[in-house]
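Only one structure is covered here, and it is reproduced in the block below.
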Amino acid sequence: MDVPVIFERSRPGRRGVRFDAHHDVPDVRLEDVLPSHLIRSTPLGLPEVAENDVVRHYTELSTLNYGVDTGFYPLGSCTMKYNPKINDWAASLPGFADVHPLQPDSTVQGLLKVLHALEEGLKEISGMDAVSLQPAAGAHGELTGILMIKAYLKDRGENRTTILVPDSAHGTNPATAAMAGFQVKVVPSNDRGGVDVAALRSLVDANTAGLMLTNPNTLGLFEEDIVEIADIVHQAGGLLYYDGANANAIMGRVRPGDMGFDVVHLNLHKTFSTPHGGGGPGSGPVGVKKALEPYLPYPRLMSGDDGLHWDYNRGKSIGKVRSFFGNVGVLVRAYAYLRSHGAEGLKAVSETAVLNANYLRQQLSDAYHTPYQRTVKHEFVLSLTPQKNRGARALDVAKRIIDYGFYPPTVYFPLVVEEALMVEPTETESKETLDRFVEAMQAINREIDESPELLHEAPHQTVVRRFDEATAARHPILTWTQLQQEG
Amino acid sequence: MQFPENLKYTSDHEWIGPDGRIGVTEYAQDALGDVVFVELPEVGAEVQSGDAVGVIESVKSVSDLYSPASGRVARVNDQLKEKPELINQDPYGEGWIFELEDAVPGDVMSSADYQKQVEGD
């Protein structure tokens, strides 16, 4: 069964709503009010459909969605955990949802108090001295952070040109450094999956502006040498940037500020409970140590005699990085999440996330190869090279998992592991769910030998089957007009 | 997997021929998966061995292309713009990527040594 696109439901002249001519509104000839070159002469090209066509079309499409509200979503590196509905309730309260960003500060004191309290909470969790809630996503937080490091070094009269990034890093790290105008140097991993400290020592020099690090890293492994790593970079005169994408593993247990990091971003849409995966909205607040506070984006939230207000008068600030004050709905959700858990609750979150990942890794280790024999944090990476040699690639296994009712894990990342399959169960899944996933993965491993074509042609149970990803990337057809001309 | 003996190889999985022609190895194309886009170096550019001179994008990843030698870019394989899949289909033939004039190879190894590296991986 293929789902038609809305254009295929179009019939000439069909309408959702028809309007009678309004006799109290005078007729206007477009030619009298607009220059002729601004008047469209070609058909509009929009689908002509009835209201129920539209409702049924999109309702049907919505039933094909798979999300954390439908089932297990172990997409490594993405922290796809269940987001309690009470946080949505809080964010939708009229005092938060029905206000305008240009309202006078005095009329939104309640909202500003929540944002201020969230800043305080994130400072405490990250071990930083000041926080800006403005960046709208993780990579946005990275860019904000690296631009602050650049401004800070420039003010000290230092023209450092290089940012160091481990070879296991998220792709956004080198991309951020390059966007900010730095050269990227790659630090190799050692055989335990961590930063090769000797290699790092030989890579730092007077040009080193900083090191970007995720801890735990993308292999789910805690950087055991973090204190030494921080010393090496600091002694060379560089700063440490903490990519908080994996904060779900350490929240309440260890703080980036105490590990020696100078700048941090946190992904509120991952760790602090906002649904994500469809492209947003996200939120990536940045925290900094005291020396970098002057460079935070403006406006900053300050308290004075009249309560809280936005302060735009920040001389050394790198400037605004987003319109208004960030994605406020996500910020309110994050605050509700913090308060509903409390300090002990947040510790339990990261402990359970780590427990679930290690349980799953252990249960899967008979059938699948784990390249690093270490206890992991919140996620782990399998190498499916043995499966590939038996006839099924990581991609085939991932596609087959869909038939068992799960969202597939991340594949082919991080790049340092061949045929990588990266699993992050999160803390919100029960042992029963994890056990069902293990059974599915074991069954799939048997299918590789018994009926490999089941994997090569998977998924079988979905509306659309295996995509031809190579042709889609080489010759993408992105619009209805293009489909009619080329499809 | 085939690693022709008349070519030299780098640890980053590029090959270079005696005529200065350069591409990626059978092992590289297999590891990359279906190649969907190739960013070629500019003809006339002076490159040093080890420089990132282009980009290979596959359905799995985006990887830098490193020059195995120093020299001047004499020719690039324009066919790859329309048919990047040539890298998968014929990595040592029609899937060549660029050609250097007066090529001075950097850190390269023989077919036998490269095979050992790949099998050790």
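In order, the protein sequence lines correspond to chains U and Z. Residue 487 is where the first sequence ends in my numbering, and the numbering goes up by one at each step. Residue 121 is where the second sequence ends in my numbering, and the numbering goes up by one at each step. Ideal placement from N, C-alpha and C gives every residue a C-beta, glycine not left out.
Which residues in the same chain as residue i place their Cβ atom closer than 8 angstroms to its Cβ, once the five residues preceding and following it in sequence are excluded?
{"i": "residue 123 of chain U", "result": "129, 130, 131 and 287"}
{"i": "residue 399 of chain U", "result": "408, 455, 458, 459 and 466"}
{"i": "residue 363 of chain U", "result": "434, 435 and 438"}
{"i": "residue 34 of chain Z", "result": "58, 59, 85 and 88"}
Which residues in chain U sit within 7 angstroms of residue i, going by Cβ to Cβ distance?
{"i": "residue 60 of chain Z", "result": "412"}
Note down, in chain order, each residue of its chain lying with its Cβ closer than 6 angstroms to the Cβ of residue i, except the 5 sequence neighbours on either side.
{"i": "residue 20 of chain Z", "result": "99, 100 and 103"}
{"i": "residue 118 of chain Z", "result": "27"}
{"i": "residue 401 of chain U", "result": "408"}
{"i": "residue 89 of chain U", "result": "none"}
{"i": "residue 32 of chain Z", "result": "58"}
{"i": "residue 130 of chain Z", "result": "Residue 130 of chain Z is absent from the structure shown; chain Z starts at 1 and stops at 121."}
At which residues does the beta strand (DSSP E) containing residue i begin and terminate?
{"i": "residue 265 of chain U", "result": "263-266"}
{"i": "residue 309 of chain U", "result": "307-311"}
{"i": "residue 14 of chain U", "result": "Element bounds for residue 14 of chain U: n/a, residue is neither H nor E."}
{"i": "residue 162 of chain U", "result": "162-166"}
{"i": "residue 403 of chain U", "result": "Here residue 403 of chain U belongs to no beta strand (DSSP E); instead the alpha helix (DSSP H) covers 394-403."}
{"i": "residue 99 of chain Z", "result": "98-105"}
{"i": "residue 243 of chain U", "result": "239-244"}
{"i": "residue 377 of chain U", "result": "That residue, residue 377 of chain U, is in no beta strand (DSSP E); it is neither H nor E in DSSP."}
{"i": "residue 420 of chain U", "result": "420-423"}
{"i": "residue 302 of chain U", "result": "300-304"}
{"i": "residue 70 of chain Z", "result": "69-76"}
{"i": "residue 14 of chain Z", "result": "14-16"}
Of the choices the options, whose alpha-carbon is the least far from that of residue i?
{"i": "residue 17 of chain U", "options": "U:53, U:325 and U:43", "result": "U:53"}
{"i": "residue 313 of chain U", "options": "U:302, U:455, U:196 and U:197", "result": "U:302"}
{"i": "residue 86 of chain U", "options": "U:192, U:326, U:334 and U:227", "result": "U:334"}
{"i": "residue 324 of chain U", "options": "U:140, U:12, U:20 and U:101", "result": "U:101"}
{"i": "residue 345 of chain U", "options": "U:57, U:125 and U:69", "result": "U:125"}
{"i": "residue 251 of chain U", "options": "U:283, U:342 and U:105", "result": "U:342"}
{"i": "residue 94 of chain U", "options": "U:474, U:15, U:34 and U:332", "result": "U:332"}
{"i": "residue 82 of chain U", "options": "U:420, U:274, U:299 and U:444", "result": "U:274"}
{"i": "residue 92 of chain U", "options": "U:475, U:370 and U:329", "result": "U:329"}
{"i": "residue 210 of chain U", "options": "U:442, U:151 and U:469", "result": "U:151"}
{"i": "residue 199 of chain U", "options": "U:147, U:6, U:189 and U:193", "result": "U:189"}
{"i": "residue 300 of chain U", "options": "U:317, U:290 and U:375", "result": "U:317"}
{"i": "residue 118 of chain U", "options": "U:226, U:423 and U:337", "result": "U:337"}
{"i": "residue 256 of chain U", "options": "U:233, U:231 and U:226", "result": "U:226"}
{"i": "residue 352 of chain U", "options": "U:367, U:378 and U:366", "result": "U:378"}
{"i": "residue 60 of chain U", "options": "U:422, U:321, U:21 and U:5", "result": "U:5"}
{"i": "residue 63 of chain Z", "options": "U:79, U:254 and U:174", "result": "U:174"}
{"i": "residue 322 of chain U", "options": "U:172, U:297 and U:20", "result": "U:297"}
Using the beta-carbon count (16 or more within 10 Å), is residue i buried or exposed?
{"i": "residue 67 of chain Z", "result": "buried"}
{"i": "residue 396 of chain U", "result": "buried"}
{"i": "residue 327 of chain U", "result": "buried"}
{"i": "residue 484 of chain U", "result": "exposed"}
{"i": "residue 51 of chain U", "result": "exposed"}
{"i": "residue 162 of chain U", "result": "buried"}
{"i": "residue 461 of chain U", "result": "exposed"}
{"i": "residue 387 of chain U", "result": "buried"}
{"i": "residue 154 of chain U", "result": "exposed"}
{"i": "residue 240 of chain U", "result": "buried"}
{"i": "residue 6 of chain Z", "result": "exposed"}
{"i": "residue 392 of chain U", "result": "buried"}
{"i": "residue 108 of chain U", "result": "buried"}
{"i": "residue 202 of chain U", "result": "exposed"}
{"i": "residue 31 of chain U", "result": "exposed"}
{"i": "residue 58 of chain U", "result": "exposed"}
{"i": "residue 259 of chain U", "result": "buried"}
Terminal residues of the continuous alpha helix (DSSP H) containing residue i?
{"i": "residue 66 of chain U", "result": "Looking at the DSSP string, residue 66 of chain U is not in any alpha helix (DSSP H), and its letter there is neither H nor E."}
{"i": "residue 121 of chain U", "result": "109-126"}
{"i": "residue 156 of chain U", "result": "Element bounds for residue 156 of chain U: n/a, residue is neither H nor E."}
{"i": "residue 329 of chain U", "result": "328-364"}
{"i": "residue 471 of chain U", "result": "469-474"}
{"i": "residue 27 of chain Z", "result": "26-32"}
{"i": "residue 179 of chain U", "result": "172-179"}
Given residue i, which residues of its chain have a CB within under 7 angstroms of its CB, disregarding the five upstream and five downstream residues?
{"i": "residue 429 of chain U", "result": "72 and 356"}
Note down, in chain order, every chain Z residue with its Cβ under 8 angstroms from the Cβ of residue i.
{"i": "residue 474 of chain U", "result": "36, 37, 84 and 85"}
{"i": "residue 379 of chain U", "result": "The premise fails here: residue 379 of chain U is roughly 19 angstroms from chain Z at the closest Cβ pair, so nothing lies under 8 angstroms."}
{"i": "residue 398 of chain U", "result": "None at all; the shortest Cβ gap to chain Z is about 12 angstroms."}
By the criterion of Cβ-Cβ separation under 7 angstroms, what are the contact partners of residue i in chain Z?
{"i": "residue 415 of chain U", "result": "61"}
{"i": "residue 293 of chain U", "result": "Within 7 angstroms Cβ-Cβ: nothing; residue 293 of chain U doesn't reach chain Z, min ~36 angstroms."}
{"i": "residue 180 of chain U", "result": "The premise fails here: residue 180 of chain U is roughly 18 angstroms from chain Z at the closest Cβ pair, so nothing lies under 7 angstroms."}
{"i": "residue 120 of chain U", "result": "Near residue 120 of chain U there are no residues of chain Z at all, since even the closest Cβ is about 40 angstroms away, more than 7 angstroms."}
Whose Cβ in chain Z lies nearer than 9 angstroms to the Cβ of residue i?
{"i": "residue 486 of chain U", "result": "What residue 486 of chain U touches in chain Z: nothing, since even the nearest Cβ is about 15 angstroms away."}
{"i": "residue 209 of chain U", "result": "Ordered by position in chain Z, no residue passes the 9 angstroms Cβ test against residue 209 of chain U, which lies about 20 angstroms from the chain."}
{"i": "residue 175 of chain U", "result": "Chain Z residues near residue 175 of chain U: none, gap ~10 angstroms exceeds 9 angstroms."}
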